[in-house]
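Below you'll find the structure, written out as structure tokens, and then a few comments.
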Amino acid sequence: MANNPRQDLYLEISRNLVDEELRDLRNYVSGANILSAGFVQKADAHQIFNQLEKERKVKPGDLALLADLLRKIGRHDYAEQAEKIAESEGKGTPQPSTSQLKRKGEDGEEFPMKKPGSCREEGLPVGGIWKYFYSIKEKVSSDWKDLAFHLGFKQPDIDNIDGRNRDDKSRCMDLLEEWLKRNGERATIEVLMEALSEANLQSVVDGLRKNFPEVPVPVGAAVTESDVFQKSVKKYYDLKLSHFKPLIWNDNFTLTLNDIFTQLELVPKHEKHLKTSQTYNRSESMRGEQRKELKSLDDLFNPDVTGLSTAPRCILIEGEAGGGKTTFLSKEALDAVSQKTELGRRHDIVLLIRLREVREGEAIEEMVWDQCVPETADIEAQTIRAILKRNESRVLFLLDGYDELRPEARAVGQAIPKLLSGKLYPNSTIVITSRPSAGVQQYTRPDCHIHIMGFSEKHVEKYIRQYFTVVGKQELTKALAEHVQDNEILNNVIQTPIFLMFVCLLWEEDQEMVSTGTMTGLYNNLLTCLVRKYCKREGVDMPTEGLPTEVAESEPLLQLGKLALEALLRNETLLDFTEVKRETVNWELLLKLGVVSLEVSSSKLHPRKQLNFSHQSMQEFLAGRYVAHALVNQDIVELLQLTSISKALELSNLLQFTCGCDSRAAQSVMEELSKISSREFTHVRPEQFERSHVPMDRVMQISCKTYERFASLCLTILSERQEPEVLQGICQALPIVMLDRSINCREATALKYYIQNLHSANLPDRLILKIGEGTDSRDTVQYLQQCFTTSLPGLKLDLKLSAKLTSPVQLNSPDVTSRLVLVLKNVPGLIMRALDLSHLTPSSLQPLVQGFSHMSLLEELDLSVNRDLGDAGMEVLQGGLSSVPHLAVLRLTFVGMTAVSMSSLAPYMRHLVGLRELDISWNEIGDTGLESLSAILPIFTAMQVLVLQSIGISPTGMRTLVPALCQLTRLIKLGISKNDIGDPGLECLAGILPYLTAMKVLVLNKTGISDREILSLIKALPHLVQLQVLDVSRNNIGDSGIVSLVQTLCQPSSLDMEQNPPGDKSLTTAPHCNNTLQVLNIGANRGVTGAGLGRVAQLISTLPTLTRLDMSGYRDTRAPAHLPDTAAMALAEALRIPRLPALERLVLWEISMKPAGFQAVVQAAEEHTTLEALWYSRLGVPEGADTTASCLLLW
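Under full-length UniProt numbering, the residues of the sequence shown are numbered 1 to 1195, in order.
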């Protein structure tokens, strides 16, 4: 028998390495960057060796790297075998396999073996069958027992194979080797393929024939039904999906789906939940990095991208209507049937189903017959059902438009919900598209959540060039490509190729028509252009301005707008052609204009014609045009069902177009929005949009987010129609006006008009202006100069000038800051200024400080993250503090301050008696500078927030600070993290905590505290009756200290009078149980073990208000903290409702569990009704564990 000794050795090693050896192997291979760490940590030894071969790091005759790795893990025996095989391969000498070596006697004499049979017609020789085993074991996997039965194995044999291997692929390979050993020459490929077919593994048979052309088809055998079906599907897709003509008047301009590109983003599972306060969430800072752009769906099969240990079964692709979801899925279908993509290579049967065509009661096989094969194909629905069942693991369902699935067809028990939930074809793969929040998650938890971004920016110029090449005007390409980049309105509408073609059409006709400044103006011009094309083709006279009367005032366009509106309110984008004709609409004219196209549905069971808009925004424009006309005689509430803020946001584009089309319509819309706003936002206050130091109520978070979206809608409406009447409506609808975007956006243009027309009678409660990303400093100051042209003494302005590090608002020039001061003089009511990341220098700060004399009402000043200020900058600042006596918030984080400038600045702060918040974190102040601060702290009796993170405090400094802290009885937040205060410092602090009964947030992470003095903190905790956040993570606390602390928080206790200082009876003695704690961080403590965390898991369930819990293990180079099954089960039990009913986040980094415990915890987390995210270390996931839970976030 011909053998592959190298593969034999790989398999032998993989079977016999113990867990510790495999872990060492993984660490060596990943640590030396030989292979990707993401791949290695999930692979077995056999997979690692094969990958090394694939990347040509080991190859026939050269196994030096393999031998070296084996010696590193102590397997010198296998290293010697590898070297012998390499030497033999180098000489071309046959080498016995490891199984042959085992059959040698002790004296080295080989037992007699049968020689392989010669090649005969009835079957391939035994030696030739080995190469098929690896392909078979990869595809059969968990179905190996079915194959074993049909290969003639009895149950005891199957149990024996099962017991001596640790995963299904190894079991399948063992089975095939055993079958080969038992049957010798009779082990032919024909016999094996027959067994595979009998085991309902036809897809494996088909795959072998596809990948190995030499595999014979049995004599007289016909092409299988599966082959006929697959070919029919591919032919049908090629015919129906590959080409389309977007322009009715130009038959030469044809697009293929191969030309279509779009941007995809992998959305973190937790991002579909509402973002919560940033102050307490370590993961928040990682969030921006976690949203990843995908090259294609192929990336979803890369564990380094998805973090999944297995290939995804369900992929959800979300995007707004008109974003290109249907076109994208059509392209995926074409590419998959041609095996151009990983989805196609992994699946033999690709089924594209338009869900809008699905009816109640239809079975999956009926949908497939209806939409995926031509009528001429001689295939029945029952045949399709049998094919799908036989090939289930190789079937790919592409489900388009869940939001368009009829309500009766998405009910429980219907075929699509059963397919999504895994009750039908559970081993198939599903890709489903939908608009956001359409309810897909009711039936499935997608393994991957994708956001479709629309038309890819990098391909814009390519399409523009393609268009102008066809029309023979290539010289227009460059100018339009540059214009599109700088125009926000155009960027919003060119997300699909069709609409980019319309923009090209406008540019070709008249470049001025593209630059209107409003969305309504752009669409009006587009309609005008389409009409001109029509008039030219039909010989109709076209006026110089506007549209011909017979078109502008024609019934067809208004009738189409009415139908468009009715469809929008039904959440539909297609118009039934029968209904259009029933309304006696001149549909021929509409088709000739090019605003709609006539399509035939993809259903054979329910064939119908339908009108399709070129883009949903065109549907919204035509509907808005109709609404503006109809509002003359109809009520807007009745017409649009406009009864709530959520409905207004749902119809935001329609409302913009309606207001853009007519002044009276805009007034009607704003009057109604004002009424709704006054009903729904009565509880919204300006301070709720400021930085929160305590966790915000979840309902309030949602309300604030909704208000921000509503404010953006109102400004967008104002950008469409800048008129006094609309402005008046904005003033009534928005008590708080806000902008948190670049000044280059439409909302910023509208806000400028709003501010320029403000007067004392219509001032908002607060104007919140945050300017940053995408704006340079000179543009920013110029924008502010244009906004605040006159004095507005009563205006309360929150101004924040900052940005991401990649594009900061740079205020490093005295000239720029001087101009800024001139602007701010017009707003004496300035109550906030955040200038973080603004590149301030001492010289550029000087004009600002001098301008404080004009800002006497300034309440908040944030100069954080201007590291170039240094001591010189603090010296400049101190001179201006006397001019701002009302200052309540001063943030000087990371400004290069030292003990020298702290000592110099402190005396100038004395008169700031109303100071409520002081943050001087991340400066090199040390004990000396702290001493100067401590001397003045008692003056600030209103102080609520004091943050001293990472300023170099030692135990000595704490002894100086604590007496001053004791007098700040209104303090609600104290942050001393990342200061080495140690146990002596904690002892000092704990002694005064009973006097700080207003404390809500206490942050002591990474302060060097241990079990020695944690008891002093524990004794003080019952006095902190309002405590909401406690962070003692990343310290040296051990099991005893952590368990005692959690026990105190979780169990009622009594404060006895002995805890009072001698003669002091001020402290309460009432029994206390913590019902306020929302955030508890106890993770990454050096002395905590799995046993201690297990005890915490048993205790923690009695905290009813807890929303976030970090109980991570300590990061140790040896191994993560291991949570035994008993502890894991206790944690899983704690996660079951009604326990921990408010929990939203659970962090378990640097923890390992066994499979049973891990799955119990993950399942309990997944079933928890409020838990959004379970953070877990990727390296701690048990081998083979299911990581597809939507709440599980691997790091």
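Glycine included, every Cβ here is placed at the ideal spot set by N, Cα and C.
Quick caveat, the model's predicted, so the values are computed rather than measured.
1. Return helix, strand or coil for residue 1201, following the three-state DSSP convention.
2. Along the chain, where does the alpha helix (DSSP H) that runs through residue 788 open and close?
3. Going by the beta-carbon positions, is the gap between residue 72 and residue 10 smaller than 8 Å?
4. Taking the runs of the alpha helix (DSSP H) that are 4 residues or longer, which of them lie wholly in the region 518-581?
5. So the alpha helix (DSSP H) residue 236 belongs to, where does it begin and stop?
6. Would the beta-carbon of residue 868 fall within 8 Å of that of residue 839?
7. Report, in whole angstroms, the separation of the C-beta atoms of residue 1145 and residue 1164, which I expect to be a contact under 8 Å.
8. Identify whether residue 1191 lies in helix, strand or coil by the three-state DSSP scheme.
9. For a test of the three-state rule: what should DSSP assign to residue 513, helix, strand or coil?
10. In three-state DSSP terms, what is residue 168?
11. Please classify residue 410 as buried or exposed, where buried requires at least 16 neighbouring CB atoms within 10 angstroms.
12. What does a CB cutoff of less than 8 Å around residue 965 pick up in its chain, not counting 5 residues either side in sequence?
13. Tell me the residue span of the beta strand (DSSP E) that contains residue 889.
14. Going along the chain, which residues of its own chain have a beta-carbon closer than 6 Å to the beta-carbon of residue 1035, five neighbours each way excluded?
15. Tell me where the beta strand (DSSP E) around residue 974 begins and ends.
16. From residue 921 to residue 906, what does the alpha carbon distance come to, in whole angstroms?
17. Pick helix, strand or coil for residue 740, following the three-state DSSP scheme.
18. Between the alpha carbons of residue 459 and residue 465, how many angstroms are there, rounded?
19. Residue 376 bridges to which residues according to DSSP?
20. Going by other Cβ atoms of all chains shown within 10 Å of its Cβ, with 16 needed for buried, is residue 230 buried or exposed?
21. Using three-state DSSP, classify residue 759 as helix, strand or coil.
22. Please report the distance separating the alpha-carbon of residue 19 from that of residue 1183.
23. Runs of 4 residues minimum, wholly inside the UniProt domain "Death" (136-212): which ones carry the alpha helix (DSSP H) assignment?
24. Whose C-alpha, out of 932, 482, 361, is nearest the C-alpha of residue 408?
25. To the nearest angstrom, how far is the alpha carbon of residue 403 from that of residue 720?
26. Note down, in chain order, each residue of its chain lying with its Cβ closer than 8 Å to the Cβ of residue 51, except the 5 sequence neighbours on either side.
27. For residue 745, which residues in the same chain have their Cβ closer than 7 Å to its Cβ, ignoring the five residues on either side in sequence?
28. Less than 6 Å between C-beta atoms, sequence neighbours within five positions excluded: which residues of the same chain meet that for residue 388?
29. Is it the case that the region 594-609 contacts the region 535-543, given that we only count it when at least three CB pairs across the two stretches are under 8 Å?
30. DSSP three-state label for residue 16, please.
31. Can you give me the start and stop residues for the alpha helix (DSSP H) that residue 1224 sits inside?
32. Going by the beta-carbon positions, is the gap between residue 788 and residue 736 smaller than 8 Å?
33. I'd like to know if residue 676 contacts chain B, where contact means its C-beta is closer than 8 Å to some C-beta of that chain.
34. Give the DSSP bridge partners of residue 397, in chain order.
35. Is DSSP giving residue 806 helix, strand or coil here?
36. What residues match up with residue 1121 in a beta bridge as DSSP calls it?
From the atom records:
1. Outside the shown range of the chain (1 to 1195) lies residue 1201, about which nothing can therefore be said.
2. Here residue 788 belongs to no alpha helix (DSSP H), and DSSP marks it neither H nor E.
3. no
4. 519-538, 549-552, 555-569
5. 225-241
6. yes
7. That belief does not hold up - the Cβ atoms of residue 1145 and residue 1164 are roughly 15 Å apart, past 8 Å.
8. coil
9. helix
10. helix
11. buried
12. 937, 946, 971, 974, 989, 992, 996
13. 889-891
14. 1009, 1085
15. 973-975
16. 15 Å
17. strand
18. 10 Å
19. Bridge partners of residue 376: none, in fact.
20. buried
21. coil
22. 10 Å
23. 144-150, 155-163, 168-183, 189-198, 202-211
24. 361
25. 30 Å
26. 35, 39, 43
27. 488
28. 395
29. no
30. helix
31. With the chain covering 1 to 1195 only, the question about residue 1224 has no answer from this structure.
32. no
33. Of the chains in the structure shown, none is chain B; there is only one protein chain.
34. 351, 430
35. With a pLDDT of only 40 at residue 806, under 50, the local geometry of the prediction cannot be trusted, and the value read off the model is given with reservation. It is coil, neither helix nor strand.
36. 1151
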